[in-house]
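>
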């Protein structure tokens, strides 16, 4: 059986993205933005998703770009409305439809070095599946979906009830500063990272939007700057693009600082245009070499 470098599990969504500049309709979701970000990189990659039959053209388009996809059937495709404030760091979300969840019984028999989980809502990926994947490879988790629930179509947030059972099986966890506060009860970035590590996470990534990101592992903090974009157009998928860059570099043997800065440079390129990341490694390296960043800003954000 083939061993993949990275396998992402998560729903593809139908997204309505509302910004100060425009209203656009497009496919989305962690799994979609992550997959598209890797299509020009040398990574053995597989996507596991679920969507309604009438949206199978989205999967076909991904396969046309040489992205391997396993799609399980679902009555509905997840439908999100994302409304961004002017600074793009914050958004309001609404949900029209939900899709079938991912379970251990439905998971195809795939071997992968890293399983990156991208739940969008709290019941998307069962804890049993998360734990079973941890026995096969490294589990990377974008925690956002486990903190979300839907009430009157609005996406609301609350703490993850199963975090103490699940997080010891998560090797790499990504959260933004708002999600970190929901799951840890603190707005202090360093304390939040330490709290998650104490629950069993080996590598904690806290993204701070335009202020950069912080990575915590083995009692060490790594400060990752944000590179200044030429324009701020659409922040949807920036966190997913960051993680695609980060994990792809980790697969290649990069250390935390190098992988973090690579992911940050990819996110900078992503925010400059609408839709998924469409660049390549050479473009990312150009940002790393010539891009402007404020390394003091991330220091101020975590020591304030």
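Residue numbers (our numbering): 202 to 505. Glycine residues also receive a C-beta, built at the ideal position from the N, C-alpha and C atoms.
1) Pull up the distance between the alpha-carbon of residue 384 and that of residue 211, whole angstroms please.
2) Could you give the DSSP three-state label for residue 320: helix, strand or coil?
3) Would you mind sorting residue 205 into buried or exposed? The rule is 16 or more other CB atoms within 10 Å of its CB.
4) What beta strand (DSSP E) runs, 3 residues minimum, are completely inside the region 254–313?
5) Under 8 Å, do residue 372 and residue 339 count as touching if we go by C-beta distance?
6) Is residue 447 closer than 8 Å to residue 461 when the C-beta atoms are compared?
7) Would the beta-carbon of residue 424 fall within 8 Å of that of residue 410?
8) Please classify residue 258 as buried or exposed, where buried requires at least 16 other C-beta atoms within 10 Å of its C-beta.
9) Rounded to the nearest angstrom, how far is the Cβ of residue 230 from that of residue 321, given a contact under 8 Å?
10) Can you tell me the Cα-Cα spacing of residue 435 and residue 474, whole angstroms?
11) Report the residue from 294, 469, 419 whose alpha carbon sits nearest the alpha carbon of residue 353.
12) Identify whether residue 430 lies in helix, strand or coil by the three-state DSSP scheme.
13) Tell me which residues share the same chain as residue 492 and place their Cβ nearer than 6 Å to its Cβ, disregarding the 5 neighbours each side in the sequence.
14) Among residues of its own chain, excluding the 5 on either side of residue 378, which ones have a beta-carbon nearer than 7 Å to its beta-carbon?
15) State the start and end residues of the unbroken alpha helix (DSSP H) segment that holds residue 459.
16) How big is the Cα-Cα spacing for residue 498 and residue 394?
17) Identify whether residue 240 lies in helix, strand or coil by the three-state DSSP scheme.
18) Where does residue 478 fall in DSSP's three states?
19) Taking 8 Å as the threshold (beta carbon to beta carbon), is residue 388 in contact with chain C?
20) So residue 302 and residue 286 are supposed to be a Cβ contact under 8 Å. How far apart are they, rounded?
21) Return the Cβ separation of residue 444 and residue 375 in integer angstroms, given the expectation that the two are a contact with Cβ distance under 8 Å.
22) Are at least three pairs of beta-carbons, each pair with one atom in the region 352–368 and one in the region 303–310, less than 8 Å apart?
23) Is the Cβ-Cβ distance between residue 248 and residue 279 less than 8 Å?
24) Bridge partners of residue 342, per DSSP?
25) Would you kindly report the start and end of the unbroken beta strand (DSSP E) that includes residue 218?
26) May I ask which residues mark the beginning and end of the alpha helix (DSSP H) holding residue 449?
27) Name the one or two DSSP bridge partners that residue 414 has.
Taking the coordinates as given:
1) 21 Å
2) coil
3) buried
4) 269–274, 279–285, 292–298
5) yes
6) yes
7) no
8) exposed
9) 6 Å
10) 6 Å
11) 294
12) coil
13) 428
14) 390, 407, 409
15) 457–472
16) 18 Å
17) coil
18) coil
19) Note that chain C does not occur in the displayed structure, where there is just one protein chain.
20) 31 Å between Cβ atoms; not a contact.
21) 6 Å
22) no
23) no
24) 318, 374
25) 214–219
26) 439–452
27) 408, 425
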